[in-house]
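Trainee: Per this note's numbering, the very first residue in the sequence shown carries number 40; after that it's consecutive. Cβ coordinates follow ideal geometry from the N, Cα and C atoms, glycine included. Small disclaimer: the values here were computed from a predicted structure and weren't measured. One structure follows; several queries about it will come next.
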Amino acid sequence: MKQTLEQLKEELQYEKTNACVQCGYCLPVCPTYMTMGKETHSPRGRINLIKMVGEGKITDLSVLEEPMNMCLGCRACETACPTGVQYGSLLEAARAAIVKRKTFSVPVRLLRNAMFKKVFPSRQAMTLTGNAVWLYEKSGVRKAAHKSGMTNKLPYHLGAFEAVMPQAVSPKERKKTPDRIKAKGEKKYTVAFFTGCIMDAMFQRINRLSIELLAEAGCDVVVIQKQTCCGALHAHSGEMEEAKRLAKQNIAAFEEENVDFVVNNAGGCGAMLYEYGHLLASDQEWAARASAFSEKSKDISEVLISCGGLPNLRSKRKERVTYQRSCHMTNVQKVTKQPVELLKSISGVQLIEMERADMCCGSAGIYNIVNYDASMEILDEKMKDTKATGASVVVTTNPGCLLQMKLGIERENLSQSVRALHLIEYLAETAGIS
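Laid out in structure tokens, this is it:
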């Protein structure tokens, strides 16, 4: 029993819980605590539960399941914490321990295995997914499904997300994305572009625009074909070994090119790439390589600013713009100023900072699908702050946030007057790049 408990303490990274002094600074920045009001659904409460399991005071790990699963993983608590508690590590360790001991039903086990091991890591599978979405739109099936009311028969939350689904590019257009593109004018950096799995399947247009803007700013860009999913969804879902395997595959793939930076355009992916050093810190063979990779990992806004920004950005109409910060960019990568600087550089734009801009929108990967009601409560609060700005454009830097804000706009019946765009989409629009 003692050996088993010691093993569990090590799995849970119990020693890290001692950094928490129970001060409560995390409470007002925690979206789940603020909407639900439960101590167990706060960072402090979750750490207490982990501590009690590690000390043998709680022997049934299922007690951890709901509090851990209801956490968005936004990590705003880390930014607020005066003692530097590594909450993200504790959360992922707890989820991994739960998954390791949980007996899933056969359908759930098969689904998890398919998605985490076969679909997300496979560029071919994700390409097929993107092509299927394009076919769904272009074949008339989507229009017929809406006209017949079939989409109304979906569970409400799936029907809601179907309505804001991004427009996929055609298979022909998908093949046009170059493996390499030269800088326009003086070359400032050579960068490798991280395509991501969801971004490449569902938001490929944003990826292509990202590559064009990097070249416009003075970067030689290479797209490495051996890259794979960053592993963020795996780590957040307790599949840590698979997350580590994907991290190693990406590190090895990007090491084949001598580049200044590895550039991404999605806050969630960027945070995961940034944390490869932490993820593989205990692996002697990979620790140094992972740390070197993480140091090169940059959000596209950082690189564009390092290049001196983009010239001649101009909005065709004077409009108010507000910026919804990606939690992982803000709290993990600590990237806050660069997106704002880029938006401020656009002629004709009035940038209005929203209240609580760094409060999570409720997306959090697949949280808004598996915890829809809680996600919508958090989104409704976010929309109050969004509407107060009077902005006609809401800019964000993460695909999940983008869909969530589009959903919020639909829920508030604002789709005729307010647009939600990825930062790259808006920069390309104001640069005259279609």
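1) Expressed to the nearest angstrom, what Euclidean distance is found between the alpha-carbon atoms of F300 and A292?
2) In angstroms with no decimal places, state the Cα-to-Cα distance between S336 and G401.
3) Quick check on V60: buried or exposed, where buried means 16 or more other Cβ atoms within 10 Å of its Cβ?
4) Here's a check: name, in chain order, each residue in its chain whose Cβ is nearer than 8 angstroms to the Cβ of E255, leaving out the five neighbours to either side.
5) Assuming P106 and R85 make a contact with CB atoms under 8 angstroms, what is their CB distance in whole Å?
6) Have a look at the DSSP bridge pairing and note the partners of Q389.
7) Based on the DSSP secondary-structure assignment, which residues constitute the bridge partners of Y228?
8) I need the straight-line Cα distance from T267 to C110, nearest angstrom please.
9) Span of the beta strand (DSSP E) holding F300?
10) If you compare alpha carbons, which of A282, G235 and L248 is closest to I263?
11) DSSP three-state label for V92, please.
12) The beta strand (DSSP E) that contains L460, what's its start and end?
13) Spatial neighbours of M40 within its chain, please: C-beta separation below 6 angstroms, excluding the five flanking residues on both sides.
14) Measure the C-alpha to C-alpha separation of T79 and C440 and round it to an integer number of angstroms.
15) Is the stretch 424–437 touching the stretch 456–463 in the sense that three or more CB pairs, one from each, lie closer than 8 angstroms?
16) Candidates F143, N297, K226 and N57: which alpha carbon is nearest D475's?
17) Let me confirm a value: P21 is counted as buried when at least 16 other C-beta atoms fall within 10 Å, else exposed. Which label applies?
18) Helix, strand or coil for D412, going by three-state DSSP, please let me know.
19) Taking only three categories from DSSP, how would you classify R114?
20) Look up K337 in the DSSP assignment and say whether it is helix, strand or coil.
21) Just grab the DSSP bridge partners of R151 for me.
22) Could you tell me the distance, in whole angstroms, from the CA atom of V138 to the CA atom of V92?
23) Which two residues bound the contiguous alpha helix (DSSP H) that contains T71?
24) On a Cα-Cα basis, can you pick out the residue from R140, Q206 and A199 that is closest to T168?
25) State the DSSP-derived secondary structure class of I97, mapped to helix, strand or coil.
26) Count the other C-beta atoms from every protein chain shown that fall within 10 angstroms of the C-beta of T98, then say buried if there are 16 or more, exposed otherwise.
27) Counting only runs of 4+ residues fully inside the stretch 155–216, write out the alpha helix (DSSP H) ranges in chain order.
28) Please state whether DSSP places S354 in a helix, a strand or coil.
29) Residues in its own chain within less than 7 angstroms of V374 by CB, not counting five upstream and five downstream?
30) I believe R114 touches C269 by the beta-carbon criterion, under 8 angstroms. Please report the beta-carbon distance rounded to the nearest angstrom.
31) Answer yes or no: do N304 and S345 have a C-beta to C-beta separation smaller than 7 angstroms?
32) When the Cα of G127 is compared with those of A184, N370 and K177, which residue comes out closest?
33) Could you have a look at R219 and say whether DSSP puts it in helix, strand or coil?
34) Can you find the residues in the same chain that come closer than 6 angstroms, C-beta to C-beta, to A282, ignoring five residues on each side of it along the sequence?
35) Taking the alpha carbon of L47 as the point to measure from, which residue in P82, I89 and R162 has its own alpha carbon closest?
Mentor: In short, the structure shows the following:
1) Their backbone Cα atoms lie some 14 angstroms apart in a straight line.
2) Those two C-alpha atoms are separated by around 25 angstroms.
3) V60 sits exposed, since fewer than 16 C-beta atoms from the chains shown fall within 10 Å of its C-beta.
4) Answer for E255: K223, L349, A470 and I472, listed in chain order.
5) Cβ atoms of P106 and R85 come within 8 angstroms of each other, at about 5 angstroms.
6) Looking at the DSSP assignment, Q389 forms a beta bridge with R359.
7) Bridge partners of Y228: C258.
8) T267 and C110 have their C-alpha atoms spaced approximately 26 angstroms apart.
9) F300 to N303 is the extent of the beta strand (DSSP E) around F300.
10) Each of A282, G235 and L248 was checked against the Cα of I263, and the nearest Cα belongs to G235.
11) The answer is helix: DSSP assigns V92 an H, G or I state.
12) Element bounds for L460: R458 to H461.
13) Reliability of the predicted coordinates at M40 is poor, the pLDDT of 45 falling under 50, and the value obtained from them is presented with this limitation in mind. For M40, same chain residues with a beta-carbon under 6 angstroms away, outside a window of 5 residues either side, do not exist.
14) The C-alpha of C440 is placed about 26 angstroms away from the C-alpha of T79.
15) Contact between the stretch 456–463 and the stretch 424–437 is present: 3 or more CB-CB pairs across the two stretches fall below 8 angstroms.
16) In the structure as shown, the chain begins at 40 and stops at 473. Residue 475 is therefore absent and cannot be evaluated.
17) Since the first residue shown for the chain is 40 and the last is 473, residue 21 is missing from the structure and cannot be characterised.
18) Three-state DSSP puts D412 in a helix.
19) Coil at R114, not helix or strand.
20) Residue state, collapsed to three classes: strand.
21) Answer is none; R151 lacks a bridge partner.
22) V138 and V92: Cα-Cα distance of roughly 15 angstroms.
23) Residue range P70 to M75 is occupied by the alpha helix (DSSP H) that includes T71.
24) It is Q206 whose Cα lies nearest to the Cα of T168.
25) Here I97 sits in coil by DSSP.
26) Per the 10 Å Cβ criterion, exposed.
27) Taking only runs of at least 4 residues, the alpha helix (DSSP H) segments lying wholly in the stretch 155–216 are 162–177, 180–187, 195–202 and 210–213.
28) In the structure shown, S354 sits in a strand (DSSP, three-state: E or B).
29) Only D338, S340, E341 and M368 meet the Cβ criterion.
30) Cβ atoms of R114 and C269 stay farther apart than 8 angstroms, at about 16 angstroms.
31) The beta carbons of N304 and S345 sit no closer together than 7 angstroms.
32) Selected option, being the one with the closest Cα: N370.
33) R219 sits in a strand when the DSSP states are folded into three classes.
34) Excluding sequence neighbours, A282 sits near G270, H273 and A274.
35) Of P82, I89 and R162, the residue nearest in Cα terms is I89.
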